[in-house]
DNA sequence: ATAGATAATGCAATCCTATTGCATGCAATG
DNA sequence: CATTGCATGCAATAGGATTGCATTATCTAT
Ligand SMILES: [Mn+2]
Ligand SMILES: [Mn+2]
Ligand SMILES: [Zn+2]
Ligand SMILES: [Zn+2]
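Residue numbers (this note's numbering), protein chains in the order written: chain A, 2 to 140; chain B, 2 to 140.
Printed below as a string of structure tokens:
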């Protein structure tokens, strides 16, 4: 486990318990957004509920963001910018592959401006693109 | 009930049963995307599962589209264009009000072009804007 | 119109994810 | 070391989505 895992937690104001370090370490190793079930099996036999609450805490503290890609299970990914308990500032596009079902953060794909009809005041938005990912289109 | 309900169903290749006409009629009267629970209470004591399967059929046949606005319950809205069993062609922005929780189709809000990273092949997308709707911002 | 074939409906049961309650464990603080 | 507050485990629940199966309605071809 990377030695700075503990530091990362402390910097976000999260008490670095063993469980939390394990979850963070696991999340850092993922190449795509991760559902609870994945963490459960990777961290077996860690308690499911503890993982659940750890993710809630992480989200609250700006360590991860939750993604609802329509698969039915919420997925989580490490925040890339300076998110904190104040709010998340890393709103970006997410890509969900129809073949491998993986959901990838696209932090460099800017979300375009929208011209909403009169009266609609936007606050935040979620943009999920579905299609085929590089890994799946190359074979 | 509008007399052309039956025609609408037939045109989409859906057998116009009593139940389906009721569901379609109810959907047509809605001013925002409708969750199962809403249909259940409006059509009470109609069977929940039958409504569920009716919506599945409608979606399959291009009569309605399903919207996952993150509320936990899928919402449904009448398709505005010539959708069919071939596919849905009315991809548009959906607005979810943080106050009244209603989800509105914005068929006239065009979804801008996206520059995805190399290798990502887009097929469809879901764009949910959250904020305050006209009804809620006016008071 | 009638009989067989096909599709729709009702009700029960189940699968899954998300969420809460409560008792216990642990760790920082003074 | 005692106090106190947060973290953890396990049980239980909530709620939406989905399936199985027997019954009923509808359609199609005599
Ligand atoms: Mn992301
Ligand atoms: Mn819509
Ligand atoms: Zn893929
Ligand atoms: Zn509103």
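No residue lacks a Cβ here, since even glycine has one placed at the ideal position from N, Cα and C.
Asked                                                                                                                                                    : Found
Hey, is residue 101 of chain B close to ligand 4, as in C-beta under 7 Å from one of its heavy atoms?                                                    : yes
Cβ of residue 134 of chain B within 7 Å of any heavy atom in ligand 4?                                                                                   : yes
Could you give the first and the last residue of the continuous beta strand (DSSP E) run that contains residue 123 of chain B?                           : 122-133
In whole angstroms, what separates the C-alpha of residue 189 of chain A from that of residue 65 of chain B?                                             : There is simply no residue 189 of chain A to check, as chain A begins at 2 and stops at 140 in what is shown.
Rounded to whole angstroms, what is the Cα-Cα separation between residue 8 of chain A and residue 87 of chain A?                                         : 20 Å
Taking the alpha carbon of residue 27 of chain A as the point to measure from, which residue in A/18, A/17, A/39, A/16 has its own alpha carbon closest? : A/39
What does DSSP give as the partner residue(s) for residue 99 of chain A in the beta ladder?                                                              : None, per the DSSP bridge assignment.
Please tell me whether residue 113 of chain B has its Cβ less than 8 Å away from any Cβ of chain A.                                                      : yes
Note the first and the last residue of the continuous alpha helix (DSSP H) segment covering residue 52 of chain A.                                       : 49-62
Helix, strand or coil: which one does DSSP assign to residue 24 of chain A?                                                                              : helix
When the Cα of residue 99 of chain B is compared with those of B/132, B/74, B/120, which residue comes out closest?                                      : B/132
Below 8 Å, how does it come out for the region 72-88 of chain B and the region 102-110 of chain B: are there three or more Cβ pairs, yes or no?          : yes
Is there a C-beta anywhere in chain B that falls below 8 Å from the one on residue 88 of chain A?                                                        : no
Distance, Cα to Cα, residue 15 of chain B vs residue 137 of chain A?                                                                                     : 36 Å
Ligand 1 and residue 1 of chain A: does the residue's C-beta get closer than 7 Å to at least one heavy atom of that ligand?                              : Outside the displayed range of chain A (2 to 140) lies residue 1 of chain A, so it cannot be described from this structure.
Quick check on the DSSP output: the beta strand (DSSP E) that includes residue 104 of chain A runs from which residue to which?                          : 104-107
Using beta-carbon positions only, say whether residue 61 of chain A and residue 67 of chain A come within less than 8 Å of one another.                  : no
Just by C-beta distance, which residues in the region 99-128 of chain A are closer than 9 Å to chain B?                                                  : 99, 105, 107, 109, 110, 111, 112, 113, 114, 115, 116, 117, 118, 119, 120, 121, 122, 123, 124, 125, 126, 127, 128
List the residues of chain B that residue 133 of chain A touches, going by C-beta distances under 8 Å, in chain order.                                   : 121, 122, 124
Taking its Cβ as the centre, do 16 or more other Cβ atoms sit within 10 Å of residue 35 of chain B, making it buried, or is it exposed?                  : buried
Just checking my contact of residue 50 of chain A with residue 25 of chain A at CB under 8 Å: how many whole Å lie between their CB atoms?               : Between residue 25 of chain A and residue 50 of chain A the Cβ distance is about 18 Å, and since that is not below 8 Å, they are no contact.
If the criterion is Cβ atoms closer than 8 Å, does the pair residue 63 of chain A and residue 89 of chain A meet it?                                     : yes
Over what stretch of residues does the beta strand (DSSP E) that includes residue 68 of chain A continue unbroken?                                       : 65-68
At a Cβ cut of 7 Å, what residues of the region 42-71 of chain A count as close to chain B, listed as they run along the chain?                          : 69, 71
On the three-state DSSP scale, how would you describe residue 42 of chain B?                                                                             : helix
Could you please give me the residues that DSSP links to residue 88 of chain B through a beta bridge?                                                    : B/85
Verify the contact flag: residue 78 of chain A, CB atom, against every heavy atom of ligand 1, threshold strictly below 7 Å.                             : yes
Using the Cα positions of residue 81 of chain A and residue 126 of chain B, report the straight-line distance between them to the nearest angstrom.      : 23 Å
Less than 8 Å between CB atoms is the rule here; does residue 130 of chain A satisfy it with respect to chain B?                                         : yes
Is residue 106 of chain A near ligand 1, in the sense that its beta carbon is under 7 Å from a heavy atom of that ligand?                                : yes
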